[in-house]
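Respectively, the protein sequence lines represent chains A and F.
Residues in the first sequence are numbered from 4 upward in steps of one, following the numbering used here.
Residues in the second sequence are numbered from 4 upward in steps of one, following the numbering used here.
We put the beta carbon where it would ideally sit given N, CA and C, even for glycine.
2 protein chains.
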Amino acid sequence: MTSKEKDTLTVALIQMSMADDPRSNLDKAIRRIGEAASRGADVVCLPELFRSRYFCQEEDHSKFSLAETIPGDTTAALSTAAKKSNAAIIGGIFEKRTKGLYHNSAVVIDSGGSIVGTYRKMHIPDDPHYYEKFYFAPGDLGFKVYEAAQSKLGILICWDQWYPEAARLTSLLGAQVLFYPSAIGWFDDEKDEAVKMQSAWETIQRSHGIANGVFVAAVNRVGKEDHINFWGSSFISGPFGEVLAKASPDKEEILVANLDLGMIEQTRHGWPFLRDRRIDAYGSIASRFID
Amino acid sequence: MTSKEKDTLTVALIQMSMADDPRSNLDKAIRRIGEAASRGADVVCLPELFRSRYFCQEEDHSKFSLAETIPGDTTAALSTAAKKSNAAIIGGIFEKRTKGLYHNSAVVIDSGGSIVGTYRKMHIPDDPHYYEKFYFAPGDLGFKVYEAAQSKLGILICWDQWYPEAARLTSLLGAQVLFYPSAIGWFDDEKDEAVKMQSAWETIQRSHGIANGVFVAAVNRVGKEDHINFWGSSFISGPFGEVLAKASPDKEEILVANLDLGMIEQTRHGWPFLRDRRIDAYGSIASRFID
């Protein structure tokens, strides 16, 4: 461990509901960042696409007007908030890259207010009322880590959370915490399956922590928007998959946890999975299917 | 779905304790296979290295005498049992490949008594009292699927269970069920951590089912041998990670579940993870670390 690395990192997840007016969502997010900082947060993470309601429930050209550039209004506001609160911020942005080209992105802003980098969602879903392939081009920046709060932060967005490859590659780059800004929920007619769905959602993300010996921090929105009942349940888990903090399924909350980063090395000593990977035998992972 | 594929598959896991005498372990396994078949099993899976106590707790050259060839005495006995019970069998073997070269392997025998294939454990652990790198060369057959009981069976062994790559590659080959013959437990001084360890063990294996939309069947031994309290808790989970059947932590049991194989396609339609994999961006998985 170098002397510049932190021993502990206080992480805050802003579980919130979104109103129709993007301005009011930003205002609320900024207030919550201030509250999180007053609770000692070194890093504050907002949900996916937090500026607006989850517009991907219909394919509607008019919704492209919600997109903005990076840097842009939202990054400017987050930058000011970061400086004021002396905390790093991760925020989801509907990114307008050029005319007619959009990404589902997240920016990392350090406590000095500078944009450290942008992550563009790599795995884009497309299912009834999650019509993301209509709105977003797949990310072309690859998997990355971002240095902020004297730590290495991995950012993955929602659908990415189902892919062990994304977590592995981000961890191999040195990530200490995998953040998953999310927007996921159940339809009214799925109520019987909601428990199973939430369990799977939590299980797979905790498993990424186990496989890689890293922390996981998943933040979801709450409330019903059109078809989707967003299930909240934001959580933070440790490098052996243990849940350290968990939010309610239906209330706005600031979920805070103080992460003992030394647990990464300690866990990997006890369970040295990285040592024994069969890198000589993994090449076919880059196949769609092996038939 | 082709007409030759089964709609349902009855799987039985033999959770057992091992005695000093390899012959008595084989006799018990054979009896249990018969009992499992009488309960309708199409496939019966025995624990890792079921012929003997878990000898890897010390580095002891004399233990190489426990190894045997494939085919050999154990496969002959399992072949007879398979024909008699009309069930496919998966059994762990301490494989002697040639003088001084050994593998931690498992054979798949079909209900006609033929050896379908051998899997050689790819990820070899080495930790206090799990000195497997002393005994076993890493597998060189790669990840495979085995056709038996009109199904495609994936076999991975114990330490392999912590590696998402192993589950992914086996699933991309078409596996419908991932079997994990295992030998895992806790030391007396780990009693406080045992719950967390078992939870991580179950979580990561259930997650492989979720990521790939397949069934998982993990079978462990029970009882204390020298340093290790083997924690049993064999389980079978479904393609969205739901636990379908689970054994006790400390008793011999035959765990049986009737798998609705149609759930694989149904689950993948609802959660089409295979469709959206970013195979253009996974190449670095074959790196030890990205630094």
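Neighbour-count burial assignment, residue i, 16 or more Cβ in a 10 Å radius
| i | result |
| --- | --- |
| M4(F) | Note that M4(F) scores 42 on pLDDT, short of 50, meaning its location in the model is unreliable; the coordinates nonetheless yield the value given after this. M4(F) is exposed by the Cβ-count criterion. |
| S240(A) | buried |
| K99(F) | buried |
| F292(F) | exposed |
| A221(F) | buried |
| I282(A) | exposed |
| H64(A) | exposed |
| S6(F) | For S6(F), the predicted model reports a pLDDT of 48, less than 50, meaning its position is unreliable; a value from the coordinates is still stated below. Exposed, by the Cβ-count rule. |
| A250(A) | buried |
| D123(F) | In the sequence under discussion, the amino acid at residue 123(F) is Arg, which differs from the Asp named in the question. The residue in question, R123(F), is buried, as its Cβ has 16 or more Cβ neighbours within 10 Å. |
| S210(A) | buried |
| K147(A) | buried |
| D45(F) | buried |
| N89(A) | exposed |
| R224(A) | buried |
Beta carbon proximity, residue i to chain F, threshold 8 Å
| i | result |
| --- | --- |
| S287(A) | yes |
| Y149(A) | no |
| E168(A) | yes |
| H132(A) | no |
| S236(A) | no |
| I36(A) | no |
| S210(A) | yes |
| A284(A) | yes |
| I160(A) | no |
| I207(A) | yes |
| M4(A) | Any reading at M4(A) must be qualified, since the residue scores a pLDDT of 42, below 50, and its modelled position is unreliable; the value itself is stated next. Not closer than 8 Å to any Cβ of chain F, the Cβ of M4(A) fails to qualify, so no. |
| E8(A) | no |
Chain A contact for residue i (CB, 8 Å cutoff)
| i | result |
| --- | --- |
| Y183(F) | no |
| L172(F) | yes |
| P74(F) | no |
| G188(F) | no |
| K254(F) | no |
| A203(F) | yes |
| R291(F) | yes |
| F146(F) | yes |
Nearest-angstrom Cβ-Cβ length linking residue i and residue j, presumed shorter than 8 Å
| i | j | result |
| --- | --- | --- |
| F276(F) | P242(F) | No, F276(F) and P242(F) are not in contact; Cβ-Cβ is about 11 Å, not under 8 Å. |
| P74(F) | I118(F) | 6 Å |
| W234(A) | W189(A) | 6 Å |
| M19(F) | K31(F) | 6 Å |
Chain-ordered chain F contacts of residue i [CB-CB under 9 Å]
| i | result |
| --- | --- |
| W165(A) | I213, A214, W274, F276 and D279 |
| L175(A) | S287, I288, S290, R291, F292, I293 and D294 |
Contact list for residue i against chain D, beta-carbon separation under 7 Å
| i | result |
| --- | --- |
| F139(F) | Any reference to chain D falls outside this structure, whose protein chains are A and F. |
Chain F contact residues for residue i, given Cβ-Cβ distances below 8 Å
| i | result |
| --- | --- |
| G265(A) | Near G265(A) there are no residues of chain F at all, since even the closest Cβ is about 16 Å away, more than 8 Å. |
| L156(A) | Ordered by position in chain F, no residue passes the 8 Å Cβ test against L156(A), which lies about 16 Å from the chain. |
7 Å Cβ cut-off: residues of chain A touching residue i
| i | result |
| --- | --- |
| H126(F) | D279 and R281 |
| R56(F) | Under the 7 Å cutoff, chain A gives no residues; its nearest Cβ is about 23 Å from R56(F). |
| K199(F) | F243 and E245 |
Top-ranked residue by Cα proximity to residue i, from the options
| i | options | result |
| --- | --- | --- |
| G145(F) | S108(F), Y133(F) and N89(F) | S108(F) |
| D143(A) | P131(A), A152(A), M125(A) and E135(A) | M125(A) |
| P167(A) | G120(A), V259(A), V180(A) and Q208(A) | Q208(A) |
| I257(F) | G37(F), R26(F), D10(F) and S27(F) | G37(F) |
| N215(F) | R280(F), D229(F), V246(F) and V259(F) | R280(F) |
| A151(A) | A44(A), V111(A), G177(A) and T83(A) | V111(A) |
| I237(F) | K9(F), D130(F), A15(F) and Y134(F) | The sequence as given places Ser at residue 237(F); Ile does not occur at that position. When only C-alpha atoms are compared, the closest one is A15(F). |
| H132(F) | Q179(F), E61(F) and L262(F) | E61(F) |
| A186(F) | T83(F), A70(F), N232(F) and V198(F) | N232(F) |
| F139(F) | G177(F), W204(F), I213(F) and F58(F) | F58(F) |
| A197(A) | A284(A), E245(A) and P252(A) | P252(A) |
| T270(F) | Q179(F), S154(F) and Q201(F) | Q179(F) |
| A70(F) | Y134(F), F97(F) and A90(F) | F97(F) |
| T72(F) | P50(F), L104(F) and S55(F) | L104(F) |
| M21(F) | E228(F), E245(F) and I267(F) | E228(F) |
| I160(F) | L175(F), S154(F), T173(F) and F182(F) | F182(F) |
| D263(A) | D76(A), L247(A) and V47(A) | L247(A) |
| F137(F) | H106(F), S154(F), L156(F) and D195(F) | H106(F) |
| D294(A) | L172(F), S114(F) and S41(F) | L172(F) |
| N76(F) | K66(F), G94(F) and K87(F) | In the sequence on display, residue 76(F) carries Asp and not Asn. For the residues K66(F), G94(F) and K87(F), the minimum Cα distance to D76(F) belongs to G94(F). |
| D192(F) | H230(F), K199(F), G226(F) and L175(F) | H230(F) |
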